[in-house]
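Enquirer: Can you read through this structure? Questions will come right after.
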Amino acid sequence: AQSVTQPDIHITVSEGASLELRCNYSYGATPYLFWYVQSPGQGLQLLLKYFSGDTLVQGIKGFEAEFKRSQSSFNLRKPSVHWSDAAEYFCAVGGFGNEKLTFGTGTRLTIIP
Amino acid sequence: GAVVSQHPSRVICKSGTSVKIECRSLDFQATTMFWYRQFPKKSLMLMATSNEGSKATYEQGVEKDKFLINHASLTLSTLTVTSAHPEDSSFYICSARGHPDRGRTEAFFGQGTRLTVV
Numbered sequence: 020a021q022s023v024t025q026p027d028i029h030i031t032v033s034e035g036a037s038l039e040l041r042c043n044y045s046y047g048a049t050p051y052l053f054w055y056v057q058s059p060g061q062g063l064q065l066l067l068k069y070f071s072g073d074t075l076v077q078g079i080k081g082f083e084a085e086f087k088r089s090q091s092s093f094n095l096r097k098p099s100v101h102w103s104d105a106a107e108y109f110c111a112v113g114g115f116g117n118e119k120l121t122f123g124t125g126t127r128l129t130i131i132p
Numbered sequence: 822g823a824v825v826s827q828h829p830s831r832v833i834c835k836s837g838t839s840v841k842i843e844c845r846s847l848d849f850q851a852t853t854m855f856w857y858r859q860f861p862k863k864s865l866m867l868m869a870t871s872n873e874g875s876k877a878t879y880e881q882g883v884e885k886d887k888f889l890i891n892h893a894s895l896t897l898s899t900l901t902v903t904s905a906h907p908e909d910s911s912f913y914i915c916s917a918r919g920h921p922d923r924g925r926t927e928a929f930f931g932q933g934t935r936l937t938v939v
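Protein sequence lines, in the order shown, are assigned to chains A and B.
One gets the numbering used here by counting positions in the first sequence from 1 and adding 19 to each.
One gets the numbering used here by counting positions in the second sequence from 1 and adding 821 to each.
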């Protein structure tokens with residue numbers, strides 16, 4: 020069975036500081052990995068995805084993530100956060116074509132001035 | 822990216838009534854649509870997968886007679902919560918995807934529907 024673990028429920032960082040959100044996955048085949056962001060009361064917006072190739076993927080809004088097969092991880096990073104980055108972040112794993120995406124429990128990001 | 826529109830964004834209904842939520846792909850043909858439910862401070866749980874023109878496939882534990890899903894066209898899927906009860910109150914989100922063999926490997930999410938049953 021596939022699963023995703025986001026060990027940090029809530030993270031607070033200062034504006035301008037760097038950010039890393041952790042994600043570990045379990046999947047029986049080649050994983051397709053995603054990071055989504057959700058603002059309060061809104062749907063999900065795709066930040067980035069990994070299917071194959073370069074293990075460091077670039078996404079929107081200055082985010083990047085690195086796929087590490089040996090660690091079953093797909094951590095999200097941003098060198099300098101902005102107040103507008105405050106939101107809930109979800110890591111997800113699925114098969115080809117986003118079949119049956121399994122989401123982590125999310126990490127809520129708070130930005131302080 | 823492609824646009825998926827979900828309607829209504831919020832709905833309040835009385836216990837025992839039925840509520841229909843629409844999910845539309847506005848600028849692409851969605852061969853597959855997914856319906857998720859999100860509990861407060863929880864992750865998204867896949868409820869069912871629907872392919873255009875065929876019956877939806879429900880995840881284990883999801884009552885198909887309570888959560889009716891129809892995917893009658895390539896741009897519209899509906900979720901009907903029948904005989905709603907307060908415990909059905911939740912945030913429901915749909916996502917839509919085109920045909921993966923045509924390079925449509927990404928599913929796009931609607932903005933969600935907040936259902937409150939009183």
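Even for Gly, the Cβ is constructed at its ideal location relative to N, Cα and C.
#1: Can you give me, in chain order, the residues of the segment 863-894 of chain B that have a beta carbon less than 9 Å from any beta carbon in chain A?
#2: Check A:ARG41 in the structure and name its three-state DSSP category.
#3: Which residues of the segment 61-78 of chain A have a Cβ closer than 8 Å to any Cβ of chain B? Give them in chain order.
#4: Three or more C-beta pairs closer than 8 Å, one from the segment 57-64 of chain A and one from the segment 838-856 of chain B: is that the case here?
#5: Using the beta-carbon of each residue, which ones in chain B are nearer than 9 Å to A:LYS119?
#6: Measure the beta-carbon distance from B:ILE890 to B:ALA869 and round it to whole angstroms, keeping in mind my assumption that it falls under 8 Å.
#7: In its own chain, which residues sit with a C-beta less than 8 Å from the C-beta of B:LEU895, not counting the 5 before and 5 after it?
#8: Per DSSP, which one or two residues make a beta bridge with B:SER846?
#9: Entirely within the segment 874-913 of chain B and at least 3 residues each: give me those beta strand (DSSP E) ranges in chain order.
#10: Just the chain B side, please: which residues come within less than 7 Å of A:GLY125 by C-beta, in chain order?
#11: Taking only runs of the beta strand (DSSP E) that begin and end inside the segment 71-98 of chain A, which ones reach a length of at least 3 residues, in chain order?
#12: Quick check: what's the CA-CA separation for A:SER99 versus A:ARG41?
#13: Go through its chain and collect everything with a Cβ distance to B:HIS906's Cβ below 7 Å, but skip five positions before and after it.
#14: According to DSSP, what are the bridge partners of B:LEU867?
#15: Check A:SER103 in the structure and name its three-state DSSP category.
Expert: Considering the structure as presented:
#1: Residues passing the 9 Å Cβ filter: LYS863, SER864, LEU865, MET866, LEU867, THR870, GLU880.
#2: DSSP, read as helix, strand or coil, puts A:ARG41 in coil.
#3: The segment 61-78 of chain A vs chain B, Cβ under 8 Å: GLN61, GLY62, LEU63, GLN64, LEU65, LYS68, PHE70.
#4: These segments do not touch.
#5: Within chain B, the residues near A:LYS119 are PHE855, LEU867, THR870, GLU880.
#6: Sure, about 5 Å apart at Cβ, within 8 Å.
#7: Within the same chain, B:LEU895 has close Cβ partners SER846, GLN850, ALA851, THR852, GLU873.
#8: The partner list for B:SER846 (beta bridge, DSSP) reads B:VAL825.
#9: Fully enclosed beta strand (DSSP E) runs of 3 or longer: 888-894, 897-902.
#10: Per Cβ cutoff of 7 Å: SER864.
#11: Here the runs fully enclosed are 75-77, 83-87, 92-97.
#12: Going by the C-alpha atoms only, they are around 17 Å apart.
#13: Only SER836, VAL938 meet the Cβ criterion.
#14: Answer by DSSP bridge pairing, in chain order: B:TYR857.
#15: If DSSP states are grouped into helix, strand and coil, A:SER103 belongs with the helices.
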